[in-house]
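Working notes for the structure below.
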Amino acid sequence: MFRHTFLRYAVLALLAAAALLRALTAGYFGLEILAEILILAILVLALDMVAGFGGMVSLCHGALMGLGAYAYGVLCVHAGLAPLPALAGAIALTGAVAWAIGAICARAHGIFFIMATLAFGQMAYSWVFETPLLGGDDGLGGIPRPDLSLLGIDLSDSRSFVLFCLAATALAYGAAVLVLRSGLGRSLGGVMHNEQRMRALGLTVWRVKADVFGLSGMLAGLAGALAAMQVMYISPGLLAWTTSGEALVVVILGGLGTLVGPLVGAAAFVTLKHGLSGVTSHWHLVVGLILIAVVMSRANGLFGWLEARWGARLDRRLADATREDTPREATNDA
Amino acid sequence: EDPVRVGLLLPFSGVYAALGNDIEAGFDLGLETFAPDSGFEVIREDTEVKPPVALAKTRKLILQDKVDVIAGVVSSGVLGAVRDAVHGAGVPLIVANAGNDDATGSACSPWITRMSFSNGQVNRPMGQWLHDQGITRVFTLAPDYAGGRQMIGGFVEGFTAAGGEIAGQEFTPFQKTQDFGPYLAKAKASGAQAVYVFYAGSEAISFVKQYDSFGMKAELPLYGSGFLTSPLYVNAEGPAAAGVVTALHYVPTIDTEENRAFVTAFEARTGRLPSEYAVQGYDSARALVEAAATGARGRAGLGEALRQVQFTGPRGQTSIDPATNNIVQPIYVYETVQGDDGMTQKILAELPARPDAANGCEMAPVAN
Amino acid sequence: MLETRDLTKSFGAMQVTRGVSLRLERGERRVILGPNGAGKTTLFNLLAGELAPDSGAVLLAGEDITALPVARRARRGLSRSYQKNTLFDGLSVEENLGLAAAVHCGQGMRLWGDSLARPEVREIVAEVAEMVQLVPHLHARVSEVSYGVRRQLEVGVALATRPSVLLMDEPTSGVGPEMARGFHRLLADLPRSLTLLIIEHDMDLAFDVADTITVLNYGEVVFDGLPEAARGSRLLQEIYMGDWSDA
Amino acid sequence: MTTDPGFWLLQTLNALQLSMLLFLLSIGLTVIFGLMHFVNLAHGALYAAGAYVAASVSAVAGFWAGLVLAPLAVAVIGVLLYGGLIRRMRRSGPMAQVLVTFGLIFVALDLTRLIWGDIALASAMPPLLEGRLSVLGIDYPLYRLFVIGLGLVVFAALAFVLGRTQIGAMIRAGVDNDAMAACLGINVERLFFIVFCLGCALAGLAGAVAAPLLSVSPDMGLQILIPTLIVIVIGGLGSLQGAIAGSLVYGFVQTFGAVLAPGLASVLIYGLLAAILVIRPTGLFPAKG
Amino acid sequence: MLELEQLCAGYGETQVLHGLSVQAAPGRVLALLGRNGAGKSTTLKTVMGLLPVRAGQVRFRGAPMPRQPHDIARAGIAYVPETRDIFPSLSVRENLELTARRFRGDWTLERVLTLFPRLGERLDNGGTQLSGGEQQMLAMARALLMNPRLLILDEPTEGLAPIIVQQLHDSLQALKRAGLSMLIVEQNFGFATALADDVAVVGRGQVVWTGSAAAIRADTGVQHQWLGV
Ligand SMILES: Nc1ncnc2c1ncn2[C@@H]1O[C@H](COP(=O)(O)OP(=O)(O)OP(=O)(O)O)[C@@H](O)[C@H]1O
Ligand SMILES: Nc1ncnc2c1ncn2[C@@H]1O[C@H](COP(=O)(O)OP(=O)(O)OP(=O)(O)O)[C@@H](O)[C@H]1O
Ligand SMILES: [Mg+2]
Ligand SMILES: [Mg+2]
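Residue numbers (this note's numbering), protein chains in the order written: chain A, 92 to 425; chain B, 729 to 1096; chain C, 63 to 309; chain D, 33 to 321; chain E, 34 to 262.
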């Protein structure tokens, strides 16, 4: 279960404002980076949904995103579908695949779940890599962006495309929050804390896991389709496990199970990466050291650190101010 | 006069970092040698061997840095990713490695000039040559990806055209194979007279060592694409590589004036022998300098001029095939032998330069 | 209401349940006694579906449920509490009860709206909290309340699914005398329509609430009858009670 | 497919060899990962470090010196890691551990590149093991037989220590519940330190053994990580039988997959992994409990 | 033997013990009684070094208590927690040998198995395959095999069949007669006061009453106010 706190609202508003400002003012490369951040943000939202709120740490979300990208690409290029129906198709297909993976892996836990999802991700990777229709190792080019000229928007313009991504990210965030706050999200929380008891209460645990995994997969599919639109070219590397690993790093770096944190993580990670790779080809070293430093600080990621410092205090102050009109609610996250 | 702005697009991290570094060293040496008074401004970008990253960097070079020309590109995946971008924007690209046949075939572009090699080109002549040595049944092995299939495809084409027979073919999972033992046993059991392979990088090293440890070289000689025993890796392979016969568009032991000068200069600069990657970088720089020397400026001008370039360099007489923009160059068959210090290459034959077939390439002139 | 026919279960070479046949009428309150390791908890696991029997059948309201998974049995009104607390530790007491009630109300898979905010769920939570005296602790996290309170919650969560048959595994173990009395009252106050099967080592409580008593020893039913008969049974004294009844 | 029995024997030996190489690697990981519940993704990096040290040492002092020094050197790295990072991370849950060790992978990768460069390193076989031995009528490389033998010896030694000795029981007790183990007078902290260093040394040993077989390149650690994880997950975490079973499954599936179904070679092991986890969600031989 | 002086301790932000002072005399049995949540288990955990001492002092046999649990154990204190904490990866035999092999003395494997014959039948079972009561016996046996100077028991009778409780009472009486010092926390008032020499009642993190076992049996006021009996 996810709750908005004052701090979360504040950081969210800050992020949105910063993104909007950048989208309107940044130069070409800045826009490119912003689009990358936004797409990664959707992916890590999807991942946080299952990992942070359901304990299902997935190492196949990169592959799901890749599937979304390929589904979109193939539906456009080979099946001749218009981009928007292709986008819908990609999301639906990725969701269905994710649902199946979630259902099959539902019995595994912890590292076993991670590895089971990795296995499915790698199978998808190998399949794409070795399927000539999908371009194999050489990838698939000539992927179109949606035509929104009816609305007077030209998505081939970088700025418009970034704004399009921003809207998609906002939508994805809203969807994630809705799901996590629903009955399904509640059940998911129960399953994460004590699966055996949830079952004994009469819940079909695997269905809950599969449903949430499927919904998360739809978001990953959206991210994939957007990535395909951004680059207008797709290659199997998108499905490699390292993409999933990187997404996981971003989620944890930002703050697992906070939904807002991963957004912070995505922004920080991409900015850092590009900033450093311009300076040194050994940027992995620096990123690695920073990762270690962040974790050694013992906080739940960057945002978790912020929450631990100020979250409670801010909320208490806010609660004091509004004590009269709202009944007290137990405040806890996840 | 404004300098020519060059974007150098290479992997400086990731699995191909060693290749990127060699090409870069060759490129820098080329610029220094042929354009000592500079006139070129180089902007370096790391592709990380990730196509999306490479594409973002390419767009940055084109749109933000406003380069006149781009050089580099090691992996074919990256080439596939950036192809539409450079073609669409009308920016000349000098390919300094990626060998994908299609890049100068069905997906060719007047803006893309290849100064390295194409996968088929390196292997095709070897088919005829091998058959000429009296070998008629061959087992082939290569990693399972587009490049591996094209390399072997080129060889098989040449070999069967000469009347040879393929005893068996195996494609191993790309960069996932630790143990080649199972495949070697299959090759042995296939009844072939020789084995022809394409492997590069780490896989080449593991393969050559494991081939040797099974003691197969004596009864089943090992042939292949020259990347297998590239100077970059041959010292890691050590004596295991002795006696392996391969073909490539360049080896450091080519006995010509141009090559001796290049090898000396490169060794002085880096302390190691130049590999085929180094020469590709070197010749890419030279092509660029020569194109600029014609007085051509701007993207279109340089693009057109690049297609006319021809010179005699370390690898012999090279020119650009106007039908495909692919390089035309001789191929060297060489045996890896034990030298005074480390392994060295003994050239067995120089196969004449032949342009690749057009493979569906329809080349329009460079337009504005 | 709940019936078993010749249930057997072994772990490796050790037979833990040997041909157990029980029959509980609707509204019956039965206490299961037996020495440690007699197979009482195992029997509960077989009834609830957490273990599959080697042979035999479990019937609920006349229907064979032997093949049903845990969740399906629970949805048919079979609920249980655990000997070792099995709670949602990071959540508040209220949320613990709410989750159970939400599943019961069919809100567990809803994609729209918070299940715990539903009026029917809130109603159950309030009612159960009152019943098991958890009202003062509703907003505390489980990890913050004392063991005794957790024991109460353990039963509360089971009750929040509004079961027709409730299995309680040593509800009073580890709680103080005061709270034990509370459980006593709670059991007395439960609606008579609820069928109860209780494992208990607290003899006072056992003899007080039991309509009937079943004694297990080495996985076998060695006694099945009224409390009075149990009290007088030599066998029971020998294997289980010692001189409790004299005390 | 050939009916020559020699061919199948050869392939069986190949499978065994790959299994044992993976076993040497995965046992270190399973000891740390299963017994300490510590997710050490940097295990592959330790293996690469072992290979690099072995290659460097053997260039000047011969293979055997490398084989001895590499595990020691990696154990020393283990000491540093433990003191600097791991000790503080032991209680911080798997997510934090994944992240820290992921960071370590990044760091190790670039450090190897900085120290040894991007170009792969040579590592020669010892002259003693260079030849081939005739096994039931087929010639098989001696070095590969050495790898098989070494794997079996390490397995036997560890099986004895963990299963039959007091130390083994103490380690397992500390893993189950370190607070309670401490209350029984066990110095859990020191025990884990030893276990961690032993695991590191085993990774170093695997690297040294692999060096003459494979190429010693910066990304070798990353490439081996996934196979190693697959091995310990198929086998079941924390158990020695699991590590050996997982290694054998992996080795045989890879080898015979390559022979019998080359088209599926790259997917086969993942399919098997998924299937095993669906049927037995905690692997084939999970640790008791 | 064991002296707690103005002990303060707790979990995270919550402080549970607020200056708790009590003394256990050598060769005697001290029972800590109190309602659920009074802080009895917290006291024991603090003594064992599982929770840090925030203020005050713990002294054992006249000297300050070591800080690390394993040093505390080696100083001669054996502890049976309320959660028993049997090691699931170890068989029953291994659970017992874990302490039997490292602490030698009067208590041997044979001797504890005569005390708890049920364990003898389960020697090769996994630790968590035992029933709740069997686990309690195993935890006790494991502690006795440390041949401790002071035995600390947290709710030893929880979940035990009456007949086992009786046997346990008898064996603890025997231990007491043999001169073993004990500190027990117990909800079973009858059991505790029959065994203990001294009683300390804990309420809200402090000792609110001390006296002899006989005294508290007679004092229904204290019983009612602090124990809810
Ligand atoms: N998973 C298992 N594997 C092997 N043996 C088991 C397992 N679970 C329980 N047992 C054994 O079955 C027997 C019965 O256990 P059970 O937990 O049912 O006892 P119980 O009657 O509930 O005892 P208690 O009153 O002490 O809780 C015990 O001897 C125990 O060792
Ligand atoms: N891990 C913990 N984190 C936070 N608070 C705790 C924790 N464990 C116990 N507490 C709190 O400390 C207080 C004292 O708990 P303690 O376990 O010492 O009580 P007790 O006297 O042993 O009671 P019981 O008879 O129920 O075991 C309780 O209010 C409880 O909520
Ligand atoms: Mg029980
Ligand atoms: Mg307690």
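Built from N, CA and C at the ideal position, the CB exists for glycine as well. The structure displayed is predicted, hence computed values, not measured ones.
Within the chosen limit of 6 Å, ligand 4 does not reach the beta carbon of Glu157 of chain C with any heavy atom. Neighbours of Ile894 of chain B across chain D, judged by C-beta separation under 9 Å, do not exist; the nearest C-beta is about 15 Å away.
DSSP places Ser74 of chain E within a helical segment (H, G or I) once states are collapsed to three. Excluding five sequence positions before and after Leu405 of chain A, the CB atoms of its chain that fall closer than 6 Å to its own CB belong to Phe97, Leu98, given in chain order. Burial is judged here by how many other beta carbons sit within 10 angstroms of a residue's own beta carbon; Pro1002 of chain B has at least 16 and is buried. Between the region 189-199 of chain E and the region 218-225 of chain E there are three or more C-beta pairs closer than 8 Å, enough to call the two in contact. Contacts between Gly303 of chain D and chain A, judged by CB atoms closer than 9 Å, involve Ala210, Met214 in chain order.
Among the residues of chain E, none has a CB under 8 Å from the CB of Val227 of chain D; the nearest is roughly 14 Å distant. Proximity to Thr79 of chain E across D:Ala211, D:Gly315, D:Phe224, D:Ile258 peaks at D:Ala211, based on C-alpha coordinates. If you check the C-beta of Phe73 of chain C against ligand 1, you find a heavy atom less than 6 Å away. Exclusion of the five residues before and after Met215 of chain E leaves Val62, Leu184 as the residues of its chain whose Cβ lies within less than 6 Å of its Cβ.
Near ligand 1, meaning a Cβ closer than 5 Å to any of its heavy atoms, lie the following residues in chain order: C:Phe73, C:Val78, C:Asn98, C:Gly99, C:Ala100, C:Gly101, C:Lys102, C:Thr103, C:Thr104, E:Gln162, E:Leu163, E:Ser164, E:Gly165, E:Gly166. When only Cα atoms are considered, Leu296 of chain D and Glu898 of chain B end up about 12 Å apart. Shortest Cα-Cα distance from His95 of chain A to any of A:Ile381, A:Phe204, A:Arg272 involves A:Arg272. Phe106 of chain C is positioned such that its CB atom lies closer than 7 Å to that of Asp231 of chain C.
Taking CB atoms only, Leu54 of chain D has no neighbour in chain E less than 7 Å away. When the Cα atoms are used, Ser326 of chain A and Ser298 of chain D turn out to be separated by approximately 18 Å. When C-beta distances to chain B are compared with 8 Å, every residue of the region 282-307 of chain A stays at or above that value. If the five residues before and after Gly253 of chain D are omitted, its C-beta is found closer than 6 Å to the C-beta atoms of Gly76, Ala77, Tyr79, Ala80, all from its own chain and listed in chain order. From the beta-carbon of Ser164 of chain E, the residues of chain C found nearer than 7 Å are Asn98, Gly99, Thr103. In the DSSP annotation of this structure, the continuous segment of the alpha helix (DSSP H) that includes Met140 of chain A starts and ends at 119-145.
Taking the C-beta atoms as reference points, Ile94 of chain C is found nearer than 7 Å to Thr276 of chain C. Not one heavy atom of ligand 2 lies closer than 6 Å to the C-beta of Ala211 of chain D. Interface criterion not met: the Cβ of Val55 of chain E is under 7 Å from no Cβ in chain C. Annotation for Gln145 of chain C indicates a beta carbon within 6 Å of some heavy atom of ligand 3.
The distance from the Cβ of Ala202 of chain C to that of Val155 of chain C is about 6 Å, consistent with a contact at the 8 Å cut-off. A straight line joining the alpha-carbon of Tyr1062 of chain B with that of His859 of chain B spans about 16 Å. Distance between Gly346 of chain A and Ala128 of chain D, taken at the CA atoms: about 10 Å.
For the pair Ile933 of chain B and Tyr961 of chain B, the CB atoms are nearer than the 7 Å cut-off. Assigned with DSSP and collapsed to three states, Val148 of chain A falls in coil, not helix or strand.
A distance below 7 Å between beta-carbons, with the five flanking residues on each side excluded, links Arg997 of chain B to the following residues of its chain, in chain order: Ala753, Leu757. Between the region 208-226 of chain D and the region 106-113 of chain E, the count of Cβ pairs shorter than 8 Å is three or higher; the stretches touch.
Assigned with DSSP and collapsed to three states, His51 of chain E falls in strand.
For Ile1075 of chain B, the uninterrupted beta strand (DSSP E) segment begins and ends at 1071-1079. A distance below 7 Å separates the beta carbons of Leu161 of chain D and Leu174 of chain D. Residue ranges of uninterrupted beta strand (DSSP E) with 3 or more members, entirely inside the region 145-195 of chain D and ordered along the chain, are 164-167, 170-173.
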